[in-house]
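K.L.:
Quick one: the structure is below, questions incoming.
Chains as they are written, first to last, in the working numbering: chain A, 358 to 714; chain B, 261 to 555.
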């Protein structure tokens with residue numbers, strides 16, 4: 358009824374290798390794309406720039422982390438450190454006078470070099486031990502960042518990003534910044550959608566499922582692990598640089614601390630491992646819902662005439678954020694992407710599946 | 261370097277290290293029973309300290325009553341966490357369990373701070389801050405008391421694992437399915453280990469709360485606790501204690517050498533380096549079992 362299908366059936370190989378196997382899915386994606394492009398004209402710029410812009414950039418970062426954790430199955434608790442490398446090297450390059458286009462690429466490449474170091478841990482350990490190693494590496498990166506004024510920008514430990522300038526245009530308007538974020542997010546999404554269909558993507562999945570079975574099939578798991586870490590770090594590095602260039606405008610070590618790494622992993626896992634649409638949901642939930650709940654609590658306490666003290670209000674979003682992770686994992690360990698998939702599969706053949714039972 | 265000063269650094273390092281073990285025992289207990297990495301131990305420690313304080317300050321109980329009561333409450337909390345959250349995810353990949361405990365940690369921290377506020381409070385156990393002199397060596401009293409607690413807990417758990425209940429827990433740690441098939445209640449055993457870990461969290465919370473004040477920083481012990489647990493072998497309580505002493509000495513003496521070179525704050529760096537080196541060189545730790553999977 359909603360999808361006007363009675364199931365997904367292929368009659369030729371071309372239809373089997375399409376990105377969107379169901380026309381309704383493609384139409385839905387196009388609708389959201391149009392809404393995304395039109396957002397600055399239909400929504401107030403406050404919402405667009407303080408909610409949608411970080412949402413898009415974090416989604417591209419989460420997709421990068423999903424590449425290494427969801428596709429290649431390597432736990433990564435040091436993603437914020439990789440984003441920091443990208444952000445700081447891009448900003449230093451831009452301050453040095455390198456055009457922003459190249460500065461972003463420099464940021465991405467240097468992030469991939471450092472990110473590949475994390476891969477060497479993955480060659481030696483996996484699962485829990487890999488998570489702990491990457492966590493320790495994150496602590497070391499944090500330490501380096503806070504203890505080297507040459508990187509973090511002097512005694513105040515903050516670094517002003519120069520005005521973003523792409524293709525000869527200075528981008529200062531809210532709408533312009535939003536479009537930069539949208540373009541990057543689209544680019545990453547299209548890359549990830551297509552990755553599933555390539556040999557590389559299938560090799561990564563093989564490494565995730567069973568590395569020695571993959572080795573028997575001729576997939577050299579060490580190589581693909583390093584490739585996965587390098588690619589995801591490139592995406593993370595550019596996303597980190599764009600986050601500073603379009604949203605924070607000022608780079609500080611706290612923006613890339615351990616807590617941020619955990620937050621990024623939470624976005625990916627709550628969204629669903631290996632799910633692209635899930636990453637969008639996961640980021641929205643982790644980034645936006647705690648603030649919304651806090652707003653509701655404030656409004657409710659005012660309605661009821663209760664006086665909540667400032668500290669309580671300051672910590673409620675954190676408690677909600679933790680509770681959301683726990684609740685989603687209990688309801689559906691495969692995350693919001695899987696929940697969406699379940700609903701979609703149910704509606705796909707909706708009234709007709711009743712006949713089967 | 262002055263040998264007396266070096267000895268002082270080493271002894272105080274070892275005592276601090278024993279306090280890390282106090283924290284790490286909680287991680288080891290849960291890992292031993294259910295192979296779950298409990299990253300919520302930092303949050304649990306914080307909750308433990310705040311519950312003791314709430315009973316002692318807000319209700320006005322004497323400490324000798326507040327601490328046992330807090331232990332009882334925390335045992336229930338640990339048991340409940342296993343029942344409500346962990347059991348649903350039993351048998352799932354480690355990614356999700358790891359994330360669940362991280363989420364729990366964030367939730368526990370957020371809730372504690374929302375209820376009791378973030379300003380640092382003091383525990384006031386009534387132990388004097390006057391250092392103890394051992395020849396020329398200065399020793400902090402609270403560290404000494406904490407180490408004694410850690411050693412007592414170690415002995416208690418070593419004895420406990422020889423009792424009937426303890427043997428059951430060891431069986432569960434060894435093989436879920438086999439213990440199930442001989443009639444051991446695996447769920448209750450794992451729940452019990454969470455309860456015990458929460459009890460350990462109270463003791464760690466009280467001692468660390470006395471040393472550095474009861475505030476959010478208590479949950480930052482996690483990295484050190486994890487390092488100690490991994491270095492000792494994730495499933496060995498004796499290992500946690502030995503590794504605690506080693507890490508404490510290495511950290512304290514190493515920081516003294518490194519700090520002038522890098523301009524202070526090298527402790528975290530040393531701890532992180534120890535963690536990475538342990539996993540790279542000897543992932544099963546000093547006393548852990550050898551069946552840890554390598555790539």
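Glycine included, C-beta positions come from ideal geometry on N, C-alpha and C. Because the structure is a prediction, the values reported are computed rather than measured.
Rounding to the nearest angstrom, what Cα-Cα distance links residue 609 of chain A and residue 506 of chain A in this structure?
P.N.:
As a first step, residue 609 of chain A must be located in the first chain, where it is residue number 252. As a first step, residue 506 of chain A must be located in the first chain, where it is residue number 149. Taking the straight line joining both Cα atoms gives about 11 Å.
K.L.:
Going by DSSP in three states, residue 379 of chain A sits in which element: helix, strand or coil?
P.N.:
The residue given as residue 379 of chain A occupies position 22 in the first chain. Correct three-state label for residue 379 of chain A: coil.
K.L.:
Check whether chain A comes within 9 Å of residue 528 of chain B, counting only Cβ atoms and requiring the distance to be less than that.
P.N.:
Numbered from its first residue, the second chain carries residue 528 of chain B at position 268. Judged by the 9 Å Cβ criterion, residue 528 of chain B is in contact with chain A.
K.L.:
Fully enclosed by the region 361-446 of chain B, which beta strand (DSSP E) runs are 3 residues long or longer?
P.N.:
Correct list: 392-394 and 397-399.
K.L.:
What do you reckon, are the CB atoms on residue 499 of chain A and residue 438 of chain A nearer than 9 Å?
P.N.:
Mapped onto the first chain, residue 499 of chain A falls at position 142. Mapped onto the first chain, residue 438 of chain A falls at position 81. Yes, the pair counts as a contact, with Cβ atoms nearer than the cut-off.
K.L.:
Between residue 531 of chain B and chain A, is there a C-beta pair that is closer than 9 Å?
P.N.:
As a working mapping, residue 531 of chain B is identified with position 271 in the second chain. Yes, contact with chain A.
K.L.:
Determine the DSSP secondary structure at residue 689 of chain A, reduced to helix, strand or coil.
P.N.:
To locate residue 689 of chain A, count along the first chain from 1; it is residue 332. The answer is coil: DSSP assigns residue 689 of chain A none of H, G, I, E or B.
K.L.:
Helix, strand or coil for residue 365 of chain A, going by three-state DSSP, please let me know.
P.N.:
What you label residue 365 of chain A is simply residue 8 of the first chain in a count that begins at 1. Residue 365 of chain A falls in the coil class under three-state DSSP.
K.L.:
Below 9 Å between beta carbons: does that hold for residue 625 of chain A and residue 434 of chain A?
P.N.:
Position 268 of the first chain holds residue 625 of chain A. Position 77 of the first chain holds residue 434 of chain A. Result no, Cβ atoms of residue 625 of chain A and residue 434 of chain A do not sit closer than 9 Å.
K.L.:
Could one say the Cβ of residue 374 of chain B lies closer than 9 Å to chain A's Cβ atoms, at least one of them?
P.N.:
Position 114 of the second chain holds residue 374 of chain B. It does; some Cβ of chain A falls within 9 Å.
K.L.:
When DSSP labels each residue in this structure, what does residue 554 of chain B get in the three-state scheme?
P.N.:
Working through the second chain from its first residue, we reach residue 554 of chain B at position 294. Unreliable placement is indicated for residue 554 of chain B, whose pLDDT of 48 sits below 50; no coordinate value is reported for it.
K.L.:
Whose C-alpha, out of B/414, B/412, B/411 and B/444, is nearest the C-alpha of residue 427 of chain B?
P.N.:
Position 167 of the second chain, counted from the start, is the residue given in the question as residue 427 of chain B. If we check each option's Cα against that of residue 427 of chain B, B/444 comes out closest.
K.L.:
Can you check whether the C-beta of residue 490 of chain B is within less than 9 Å of a C-beta belonging to chain A?
P.N.:
Position 230 of the second chain holds residue 490 of chain B. Yes, contact with chain A.
K.L.:
What three-state label does DSSP hand residue 476 of chain B in the structure shown?
P.N.:
In the second chain, residue 476 of chain B corresponds to position 216, counting from 1. Of the three classes helix, strand and coil, the one that applies to residue 476 of chain B here is helix, per DSSP.
K.L.:
Starting from residue 367 of chain B, find everything on chain A with Cβ-Cβ shorter than 7 Å and list it in chain order.
P.N.:
Numbered from its first residue, the second chain carries residue 367 of chain B at position 107. Going along chain A in sequence order, the residues near residue 367 of chain B (Cβ under 7 Å) are 676, 679, 680 and 683.
K.L.:
Hey, quick one: how far does the alpha helix (DSSP H) through residue 576 of chain A stretch, first residue to last?
P.N.:
The sequence position of residue 576 of chain A within the first chain is 219, counting from 1. It is not in any alpha helix (DSSP H) - residue 576 of chain A carries neither H nor E in the DSSP assignment.
K.L.:
Per DSSP, which one or two residues make a beta bridge with residue 522 of chain A?
P.N.:
The residue given as residue 522 of chain A occupies position 165 in the first chain. In DSSP, residue 522 of chain A forms a bridge with A/527.
K.L.:
Taking residue 405 of chain A as part of the alpha helix (DSSP H), name the residues at either end of that continuous run.
P.N.:
Mapped onto the first chain, residue 405 of chain A falls at position 48. Element bounds for residue 405 of chain A: n/a, residue is neither H nor E.
K.L.:
Is it the case that the Cβ atoms of residue 203 of chain B and residue 334 of chain B are separated by a distance below 9 Å?
P.N.:
The question about residue 203 of chain B has no answer here: the residues shown for chain B are numbered 261 through 555.
K.L.:
Answer yes or no: does any C-beta atom of chain B fall closer than 9 Å to that of residue 622 of chain A?
P.N.:
In the first chain, the residue the question calls residue 622 of chain A occupies position 265. For residue 622 of chain A, the answer is yes, since a Cβ of chain B falls inside 9 Å of its Cβ.
K.L.:
Using the beta-carbon count (16 or more within 10 Å), is residue 324 of chain B buried or exposed?
P.N.:
Here residue 324 of chain B refers to the residue found at position 64 of the second chain. Classification of residue 324 of chain B: exposed, given that the 10 Å Cβ count is below 16.
K.L.:
If distances are taken between C-alpha atoms only, which option among B/266, B/361, B/305 and B/277 comes closest to residue 295 of chain B?
P.N.:
Within the second chain, residue 295 of chain B is the residue found at index 35, counting from 1. Per the Cα distances, B/361.
K.L.:
Judging by CA-CA distance, which residue of B/518, B/457, B/382 and B/539 is the nearest neighbour of residue 477 of chain B?
P.N.:
One-based indexing of the second chain puts residue 477 of chain B at position 217. Per the Cα distances, B/382.
K.L.:
DSSP puts residue 517 of chain A in a beta bridge; with which residues?
P.N.:
Position 160 of the first chain holds residue 517 of chain A. Residue 517 of chain A is bridged to A/607.
K.L.:
Quick one: grab the DSSP three-state call for residue 664 of chain A.
P.N.:
Walking along the first chain from the start, residue 664 of chain A turns up at place 307. DSSP places residue 664 of chain A in coil when its eight states are reduced to three.
K.L.:
What whole-angstrom Cβ distance do residue 651 of chain A and residue 670 of chain A have, given they're in contact under 8 Å?
P.N.:
Translated into the one-based positions of the first chain, residue 651 of chain A becomes position 294. Translated into the one-based positions of the first chain, residue 670 of chain A becomes position 313. Sure, about 7 Å apart at Cβ, within 8 Å.
K.L.:
Identify the contact partners of residue 322 of chain B in chain A, using a Cβ-Cβ distance below 9 Å as the criterion.
P.N.:
On the second chain, residue 322 of chain B is found 62 positions in, with the first residue counted as 1. Under the 9 Å cutoff, chain A gives no residues; its nearest Cβ is about 28 Å from residue 322 of chain B.
K.L.:
Among A/598, A/646 and A/469, which has the Cα closest to the Cα of residue 680 of chain A?
P.N.:
As a first step, residue 680 of chain A must be located in the first chain, where it is residue number 323. That would be A/646, whose Cα lies nearest to the Cα of residue 680 of chain A.
K.L.:
Going along chain A, which residues have a C-beta under 8 Å from residue 381 of chain B?
P.N.:
Here residue 381 of chain B refers to the residue found at position 121 of the second chain. Going along chain A, no residue has its Cβ under 8 Å from residue 381 of chain B, so there is no contact; the nearest lies around 13 Å.
K.L.:
Could you pull out every residue in the same chain whose Cβ sits closer than 8 Å to the Cβ of residue 322 of chain B, ignoring the five residues on either side in sequence?
P.N.:
Along the second chain, one-based indexing puts residue 322 of chain B at 62. Within the same chain, residue 322 of chain B has close Cβ partners 316.
K.L.:
Cα separation between residue 363 of chain B and residue 430 of chain A?
P.N.:
Reading the second chain from its first residue, position 103 is the one you call residue 363 of chain B. Reading the first chain from its first residue, position 73 is the one you call residue 430 of chain A. Taking the straight line joining both Cα atoms gives about 20 Å.
K.L.:
Taking residue 336 of chain B as the reference, which of B/468, B/504 and B/462 has the closest Cα?
P.N.:
In the second chain, counting from the first residue as 1, residue 336 of chain B sits at position 76. Checking every option, the nearest Cα to that of residue 336 of chain B belongs to B/462.
K.L.:
Is there contact here, the region 271-283 of chain B with the region 504-521 of chain B, by at least three beta-carbon pairs under 8 Å?
P.N.:
Verdict: yes, contact present.
K.L.:
Can you give the beta carbon distance from residue 470 of chain B to residue 385 of chain B, rounded, assuming they're within the 8 Å contact cut?
P.N.:
Here residue 470 of chain B refers to the residue found at position 210 when the second chain is read from its first residue. Here residue 385 of chain B refers to the residue found at position 125 when the second chain is read from its first residue. Confirmed, about 5 Å.
K.L.:
Could you tell me which chain B residues have their CB closer than 9 Å to the CB of residue 494 of chain A, listed as they occur along the chain?
P.N.:
Translated into the one-based positions of the first chain, residue 494 of chain A becomes position 137. Going along chain B in sequence order, the residues near residue 494 of chain A (Cβ under 9 Å) are 532 and 536.
K.L.:
Return the CA-CA distance between residue 455 of chain A and residue 491 of chain A, expressed in angstroms with no decimal places.
P.N.:
Here residue 455 of chain A refers to the residue found at position 98 of the first chain. Here residue 491 of chain A refers to the residue found at position 134 of the first chain. Straight-line Cα distance between these residues: approximately 31 Å.
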